[in-house]
Amino acid sequence: MSQSRLPHLRLAGGNLLNAHLVLREEEALVVPEAVYSEHLERAACRVPRDPDDIPTVALALALGDDQGRCAI
């Protein structure tokens, strides 16, 4: 585990699941759908077997370069 993550584990009383939840709450960024909505259709074509990943891929496309390459 990264040294930078150890304080989260300590704050969670040594419980790895609780540490994950603490870390997720502190470092998560909610991006409005309007930022990536125009890329949803193309993203769906890239991940046809996992619809839960479509918003993530759409955001990566939105953050990509002018050539339409995915940022991840």
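If you want this note's numbering, it's the position in the sequence shown, counting the first as 1, plus 21.
Note that the Cβ used here is the ideal one computed from N, Cα and C, for glycine as well.
Quiz item: What do you get for residue 78, buried or exposed, if any count of 16 or more other CB atoms within 10 angstroms of its CB means buried?
Solution: Position 57 of the sequence shown, counted from the first residue, corresponds to residue 78. Per the 10 Å Cβ criterion, buried.
Quiz item: Roughly how far, in whole angstroms, is the beta-carbon of residue 52 from the beta-carbon of residue 80, given that I think they are within contact range, below 8 Å?
Solution: If you number the sequence shown from 1, residue 52 lands on position 31. If you number the sequence shown from 1, residue 80 lands on position 59. Cβ atoms of residue 52 and residue 80 come within 8 Å of each other, at about 6 Å.
Exercise. Identify, in the order they occur along the chain, each residue of the same chain with its Cβ nearer than 8 Å to the Cβ of residue 91, setting aside the five sequence neighbours on each side.
Key: Indexing the sequence shown from 1 puts residue 91 at position 70. Excluding sequence neighbours, residue 91 sits near 67, 78, 81, 82, 85.
Quiz prompt | Reduced DSSP secondary structure (H/G/I, E/B, other) of residue 80 | solution = For this step, residue 80 is matched to residue 59 along the sequence shown. In the three-state DSSP reduction, residue 80 falls in the helix class (H, G or I).
Exercise. Determine the extent of the alpha helix (DSSP H) in which residue 54 is found, giving its start and end residues.
Key: Start at 1 with the first residue of the sequence shown, and residue 54 comes out as number 33. Neither: residue 54 is in no alpha helix (DSSP H) and is coded neither H nor E.
Practice problem: Tell me whether residue 64 is buried or exposed, calling it buried when 16 or more other Cβ atoms sit within 10 Å of its Cβ. | Solution: On the sequence shown, residue 64 is found 43 positions in, with the first residue counted as 1. Buried, since its Cβ has 16 or more Cβ neighbours within 10 Å.
Quiz prompt | residue 84 Cβ short of 8 Å to the ligand NAP heavy atom set | solution = With respect to the ligand NAP, the structure shown offers nothing to examine, as it has no ligands at all.
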